[in-house]
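Written out below as C-alpha cells is the structure these notes cover.
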Amino acid sequence: MVDIDSLKNMPYLLGLETDELEDVMRSVFEKSAERNEIIVHEDEPAQALFFIVSGAVKVQKTSSEGKEQILGILRPGDAFNDVAVFDGKPAPASAIAMSKVTVYGLNRTDIVTLTVRHPKIAMNAIQILAASVRRYISLVEDLSFRNVTSRVAKLLLQYAPDQAQVEEAQARPRLTQQDMAGLVGTSREVVGRSLKALEEEGAIRVDRHRIAILDKDVLEEISAED
Amino acid sequence: MLDYPQINQEYCNGCGLCVMVCSNGVLALVHNIAMVYSMGTCVYCTNCEAVCEAGAIRCPYEITIEYKHFLNL
Ligand code: SF4
Ligand code: SF4
Numbered sequence: 010m011v012d013i014d015s016l017k018n019m020p021y022l023l024g025l026e027t028d029e030l031e032d033v034m035r036s037v038f039e040k041s042a043e044r045n046e047i048i049v050h051e052d053e054p055a056q057a058l059f060f061i062v063s064g065a066v067k068v069q070k071t072s073s074e075g076k077e078q079i080l081g082i083l084r085p086g087d088a089f090n091d092v093a094v095f096d097g098k099p100a101p102a103s104a105i106a107m108s109k110v111t112v113y114g115l116n117r118t119d120i121v122t123l124t125v126r127h128p129k130i131a132m133n134a135i136q137i138l139a140a141s142v143r144r145y146i147s148l149v150e151d152l153s154f155r156n157v158t159s160r161v162a163k164l165l166l167q168y169a170p171d172q173a174q175v176e177e178a179q180a181r182p183r184l185t186q187q188d189m190a191g192l193v194g195t196s197r198e199v200v201g202r203s204l205k206a207l208e209e210e211g212a213i214r215v216d217r218h219r220i221a222i223l224d225k226d227v228l229e230e231i232s233a234e235d
Numbered sequence: 655m656l657d658y659p660q661i662n663q664e665y666c667n668g669c670g671l672c673v674m675v676c677s678n679g680v681l682a683l684v685h686n687i688a689m690v691y692s693m694g695t696c697v698y699c700t701n702c703e704a705v706c707e708a709g710a711i712r713c714p715y716e717i718t719i720e721y722k723h724f725l726n727l
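In order, the protein sequences belong to chains P and Z. Residue numbers for the first sequence follow my numbering, beginning at 10 and rising by one. Residue numbers for the second sequence follow my numbering, beginning at 655 and rising by one.
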C-alpha cells in the first residue's frame, strides 16, 4: 500500500502540503522487483518515473561492445527513469534491482499533469536534474579527458610491496575501491571499470580480496600514458 | 579477517541495505547494527560496501606482486 509518509520524503515531492501529497498519491502505484530484475530497460520507451522505497538499484549502461558501466547506485528516496520521462525519449540506461526492491511509480502522463498542478514538483525536478547533470559532467571528464586507468595503474605500482616486504611476508598495503577512488580523484564506479580494463590487459588479476600484479611492465606502460 | 567486509559499527545507521544486497546471507542486522553473520560464503562482490552510504563497510584489497618480478634483479 502506498504510504504518504514515505512519499513526502521523496526528493521530487519535497515541500508539498498534505493535500497536494494526497492528490499525488492517487496516481502513485507500487511495484516490487526481485534481485537482478531489470526494472527499466535501456532504450525502451519510458513508462513511469520511479522512487525507491526499499532496497537498492543500480543504473547501468551497456556499450556497443557489450561492456557494462555502472553509472550509479541508488538507495531509498532516490528516483530513476526521470530523464526519459521528462524528455519522452527511450531510457538512456537500465535500472536493475540489487536486492528485493519496492518502488513507487508515477506514469509519464500523470507526472506531467501533476507537475502543472503542483509547481513545487517542477522546482524539485529542476534541482534534481541539475544535480545529476553535474555528476555526469564529472563522470564524462573522468572517462574521457583524464586517463583514470593509467592513474589507477600508477597507484597500484606505488602500493605494490617491494622485495623485502615480499620476502619477509610483511603486512601488505590494503586499499578499498573507495580508497583508490579518493587517491586518484575519481568515483568508485570509474575505479571498478579501470580495474576491469587492467585485468583485460593482463596486468593484474583481481582475486577475491587480492589484487595481484601479474605484469609490472605492462602496468608501467599503462601508467606512463597519463 | 581480510576475507570479509570490515564493518565499522560506529558508523552504521542500521538502514539494512547491505543485508538486502548480499545474495549470500553473509550479513545481518543485530540490534540494528550490521555484522558479518555467516562465515564462508562471502564472494567479495563488494556490493555491500558500494551501497553503504554511511561508509561503514570496507572491502579492502591486499596488493601483491608476482615474485618473478624480483628474480634476476
Ligand atoms: S548499509 Fe551501512 S549503514 Fe546500512 S546497515 Fe549496512 S553497514 Fe549499516
Ligand atoms: S562482499 Fe558481497 S558476498 Fe560479501 S558480504 Fe558483501 S555483499 Fe555479501
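Virtual Cβ for every residue (Gly too), placed ideally from N, Cα, C.
Going by beta carbons, valine 161 of chain P and leucine 207 of chain P fall inside the 8 Å limit. In chain Z, no part has a C-beta under 8 Å from the C-beta of arginine 143 of chain P; the shortest such distance is about 18 Å. The count of Cβ pairs closer than 8 Å, one atom from the segment 126 to 145 of chain P and one from the segment 690 to 701 of chain Z, stays below three, leaving the stretches out of contact. Rounded to whole angstroms, the gap between the alpha carbons of valine 37 of chain P and methionine 132 of chain P is 20 Å. Beta-bridge partners assigned by DSSP to proline 99 of chain P: P:Pro54. Not one beta carbon of chain P lies nearer than 8 Å to the beta carbon of alanine 710 of chain Z. A distance below 8 Å separates the beta carbons of isoleucine 48 of chain P and alanine 42 of chain P. For serine 41 of chain P, the enclosing beta strand (DSSP E) stretches over residues 38 to 42.
Note on geometry: alpha-carbon atoms of leucine 30 of chain P and lysine 76 of chain P lie some 41 Å from one another.
If you check the CB distance, threonine 695 of chain Z and valine 680 of chain Z come in under 8 Å.
Cβ neighbours of asparagine 662 of chain Z within its own chain (closer than 6 Å, five residues either side excluded): Ala710. Judged by the Cβ position, leucine 683 of chain Z fails to qualify as a neighbour of ligand 2 at the 7 Å threshold, every heavy atom of the ligand being at least this far. In the structure shown, methionine 19 of chain P falls within a coil segment according to DSSP collapsed to helix, strand and coil.
Between glutamate 229 of chain P and the set P:Thr195, P:Leu16, P:Lys163, the nearest pair of CA atoms involves P:Lys163. For leucine 23 of chain P, same chain residues with a beta-carbon under 7 Å away, outside a window of 5 residues either side, are Asn133 in chain order.
At a threshold of 7 Å, cysteine 706 of chain Z does not count as near ligand 2, since its beta carbon sits no closer than that to any of the ligand's heavy atoms. Here DSSP, grouped into helix, strand and coil, assigns lysine 109 of chain P to coil.
Distance check between lysine 40 of chain P and each of P:Pro85, P:Gly114, P:Lys70, P:Asp14 places P:Gly114 closest, using alpha-carbon atoms only. If you check the C-beta of glycine 670 of chain Z against ligand 1, you find a heavy atom less than 7 Å away. For leucine 681 of chain Z, there is no enclosing alpha helix (DSSP H); the residue is part of the beta strand (DSSP E) that begins and ends at 681 to 684. Closer than 7 Å to some heavy atom of ligand 2: that describes the Cβ of threonine 700 of chain Z. Within the same chain, Cβ atoms closer than 6 Å to the Cβ of tyrosine 168 of chain P are found at Pro182, the five residues on either side in sequence being excluded. Relative to the Cα of arginine 197 of chain P, the nearest Cα in the group P:Ile82, P:Asn45, P:Ile13, P:Glu74 belongs to P:Ile82. Within chain P, the residues placing a beta-carbon under 7 Å from that of methionine 674 of chain Z are Gly64, Ala65, Ser108, Lys109, ordered along the chain.
Shown in chain order are the members of the segment 686 to 710 of chain Z whose Cβ falls below 8 Å from a Cβ of chain P: Val697, Tyr698, Thr700, Asn701, Glu703, Ala704, Val705, Glu707, Gly709.
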